[in-house]
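Undergrad: Below are the structure tokens for one structure; questions will follow.
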Amino acid sequence: MEIKITTRLKTYDLVALTAFSTLIEDLGLKERLMKLEREEVWKILVNCDKEEGKTLAEEFTTKVKIFVNPNKHYWKVECKEESKEGGEFKGKGNGEYIVEVLTWWKEDARVDSALKTLRVTWNYGDKIKEVRRGELWRLTIKASNWEEAKKITEGIVVTKSRDKGLIINPHSQSYTILKIEKL
Numbered sequence: 012m013e014i015k016i017t018t019r020l021k022t023y024d025l026v027a028l029t030a031f032s033t034l035i036e037d038l039g040l041k042e043r044l045m046k047l048e049r050e051e052v053w054k055i056l057v058n059c060d061k062e063e064g065k066t067l068a069e070e071f072t073t074k075v076k077i078f079v080n081p082n083k084h085y086w087k088v089e090c091k092e093e094s095k096e097g098g099e100f101k102g103k104g105n106g107e108y109i110v111e112v113l114t115w116w117k118e119d120a121r122v123d124s125a126l127k128t129l130r131v132t133w134n135y136g137d138k139i140k141e142v143r144r145g146e147l148w149r150l151t152i153k154a155s156n157w158e159e160a161k162k163i164t165e166g167i168v169v170t171k172s173r174d175k176g177l178i179i180n181p182h183s184q185s186y187t188i189l190k191i192e193k194l
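If you read the sequence shown in this note's numbering, its first letter stands for residue 12, the second for the next number, and so on.
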């Protein structure tokens with residue numbers, strides 16, 4: 012079973028605002044990038060049935076303060092048997108597209124710490140199979156079709172030089188495009 016916890020800040024996300032400002036002002040994407048948002052995504056793979064999974068999800072968001080701080084986060088929890096990601100491309104024609112990109116660190120100390128805390132400190136032991144963390148970036152792109160939206164997104168996401176790309180460093184991070192959808 013997979014428990015997915017998605018959080019976003021209740022206040023302004025200064026990281027997303029700074030990235031948006033840099034992309035439109037310094038990298039010249041004022042005519043292409045309309046909006047940029049960011050959320051943190053945690054996926055916890057657990058050994059249990061659906062009912063126990065729902066109980067664990069509730070505990071992870073109310074008792075265990077690793078994933079959610081109720082003073083600063085809005086959050087959403089999903090419990091499902093198996094995960095499927097990627098490959099959703101919808102829409103035709105001209106206009107704006109919402110593109111969702113999941114980024115993650117190839118090595119992440121926060122994930123290692125969360126896994127150890129859940130297993131040892133909170134005594135969940137072998138119920139916790141794996142913990143993963145990433146950032147979901149939601150971009151609103153002006154493009155003539157979804158192929159162009161994908162190309163623009165990849166140019167924004169992957170840093171290639173000081174004036175090309177911004178969101179990830181390909182040496183230490185990875186990404187996948189989860190969805191491209193016409194508005």
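Just so it is clear, CB atoms sit at the ideal spot from N, CA and C, and this is done for glycine as well.
1) Nearest to P81 by CA position, among G106, M45, T17, is which residue?
2) How about I152 and I109: do their beta carbons lie closer than 9 Å?
3) Whole angstroms are fine: how far does the CA of L47 sit from the CA of S32?
4) What ranges does the alpha helix (DSSP H) occupy inside the segment 13-86, keeping only unbroken runs of at least 4 residues that lie completely in it?
5) For the alpha helix (DSSP H) holding E159, just list the boundary residues, first then last.
6) Do you know how far the Cα of L147 is from the Cα of M45?
7) Could you spell out where the beta strand (DSSP E) holding R130 opens and where it closes?
8) Taking just the CA atoms, how far does K54 sit from E13?
9) Taking contact to mean 3 or more Cβ pairs, one atom from each stretch, closer than 8 Å, check whether the segment 163-170 and the segment 181-194 are in contact.
10) When the Cα atoms are used, what is the spatial distance from V88 to K193?
11) Out of curiosity, what's the CA-to-CA distance linking V57 and F71?
12) I need the straight-line Cα distance from S124 to T73, nearest angstrom please.
13) Got a sec? Which residues, its chain only, sit under 7 Å from L20 by beta carbon, not counting five neighbours each side?
14) Could you name the residues of the same chain whose beta carbon sits closer than 7 Å to that of I191, not counting the 5 residues immediately before and after it, in chain order?
15) Just to confirm, is the Cβ distance from R144 to D174 under 9 Å?
16) What's the call for G39, buried or exposed, on a 16-neighbour Cβ count within 10 Å?
17) For A154, tell me which candidate among K41, T29, A30, L25 has the shortest Cα-Cα distance.
18) By how many angstroms is the C-alpha of E51 removed from the C-alpha of E63?
19) Report the rounded CA-to-CA distance for L177 versus Y23, giving the unit in angstroms.
TA: Straight from the coordinates:
1) Ranked by Cα distance from P81, the first of G106, M45, T17 is T17.
2) For I152 and I109, yes; Cβs fall inside 9 Å.
3) Cα to Cα, S32 sits roughly 10 Å from L47.
4) 25-32, 61-73
5) 157-168
6) 17 Å
7) No beta strand (DSSP E) contains R130, which DSSP labels as neither H nor E.
8) 7 Å
9) Three or more Cβ pairs drawn from the segment 163-170 and the segment 181-194 lie within less than 8 Å of each other, which places the two stretches in contact.
10) Rounded to the nearest angstrom, the two C-alpha atoms are 26 Å apart.
11) 12 Å
12) Near 19 Å, if we compare the C-alpha coordinates of T73 and S124.
13) K83, H84
14) F100, Y108, V110, W157, A160, K161
15) At a Cβ-Cβ threshold of 9 Å, R144 and D174 do not count as neighbours.
16) exposed
17) Ranked by Cα distance from A154, the options K41, T29, A30, L25 are led by K41.
18) 24 Å
19) 20 Å
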